[in-house]
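Heads up, the thing below is written out as structure tokens.
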Amino acid sequence: MMVIPLNQFLEESYDEDEDEEEVPHANKTLSFPKQSTASTQTTASETLDQSTALQHSKLHESFNDKKFHDVILVASGGTEITTHRCVLAKYSTHFANLFEESKELPFKISIKDFNAETIQAAVNFMFVKRDAIVGKQLSLFKFAAAYNIPDLLKECGAFVVQRMDVLLSSSICEYITIAYEYNLEELKQKCLKVLVEKRKEIDASKFAGLPKNIIIDVLRY
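If you want the working numbering, it's the position in the sequence shown, counting the first as 1, plus 19.
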């Protein structure tokens, strides 16, 4: 019996393995096209965006189904707007506290200081419709302040900061008052700048009616 040295055996085995790797699948080399990582990421991102948009659409659609509405908001003109307590409570501690006081359904709330259009826009905002504030930002600003809806306050403030034409209107004194009351710093600074630069265009009586701390800040700006 012939004994093969261990090192020779290992070398021969290694050579056989190399030969097998060089001739895969009956002398045919298989190749697969490489997919771009960036392309894959873009496609995944687009798919995610579409999925998110669909979810938001479905969510808004389901929330608009009056079959399961359990709260009625009565506007200044008597128009009734139905919606869900769970959504109002999520956005507003004011509404959450009201709902804790009574378990009666449907829960009816009288909102005498705001019309149906403003209330509906606020509800739409809560149902993931961020464009609901366009054209109604001041009334929604006031609504958010009155019913303690921080997310709506911030969204209205951010929108107004980008719109110089809004700040140059006669409502700037109202905007800056709310900005100070709720510590919306970016809007506060923007309003101060406009009040200083466009002071002559601002109604004197409205400026004089501002809280003293705001007037002092304007004069010091």
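We put the beta carbon where it would ideally sit given N, CA and C, even for glycine. From a predicted model like this one, the values you see are computed outputs, not experimental measurements.
What first and last residue would you give for the alpha helix (DSSP H) that runs through residue i?
i           : result
residue 109 : 104-110
residue 179 : 169-180
residue 239 : 231-239
residue 203 : It is not in any alpha helix (DSSP H) - residue 203 carries neither H nor E in the DSSP assignment.
residue 185 : 183-186
For a test of the three-state rule: what should DSSP assign to residue i, helix, strand or coil?
i           : result
residue 148 : coil
residue 224 : helix
residue 158 : helix
residue 32  : Low local confidence applies: a pLDDT of 49 at residue 32 is under 50, so the model's placement there is unreliable, with the coordinate-based value given in what follows. Residue state, collapsed to three classes: helix.
residue 98  : coil
residue 87  : helix
residue 214 : helix
residue 207 : helix
residue 113 : helix
residue 143 : helix
Taking residue i as the reference, which of the options has the closest Cα?
i           : options               : result
residue 196 : 120, 151, 217 and 237 : 237
residue 222 : 193, 205 and 239      : 193
residue 181 : 205, 166 and 158      : 205
residue 121 : 171, 90, 198 and 225  : 90
residue 143 : 213, 186, 185 and 171 : 171
residue 88  : 127, 119 and 140      : 127
residue 108 : 145, 177 and 96       : 145
residue 165 : 207, 216, 234 and 111 : 111
Starting from residue i and walking both ways along the beta strand (DSSP E), at which residues does that stretch end?
i           : result
residue 191 : Premise fails: residue 191 lies in the alpha helix (DSSP H), 191-200, not in any beta strand (DSSP E).
Under the DSSP definition of a beta bridge, which residues are partnered with residue i?
i          : result
residue 92 : 100 and 128
- Would you call the stretch 145-157 and the stretch 93-101 in contact, with 3 or more CB pairs under 8 Å? no
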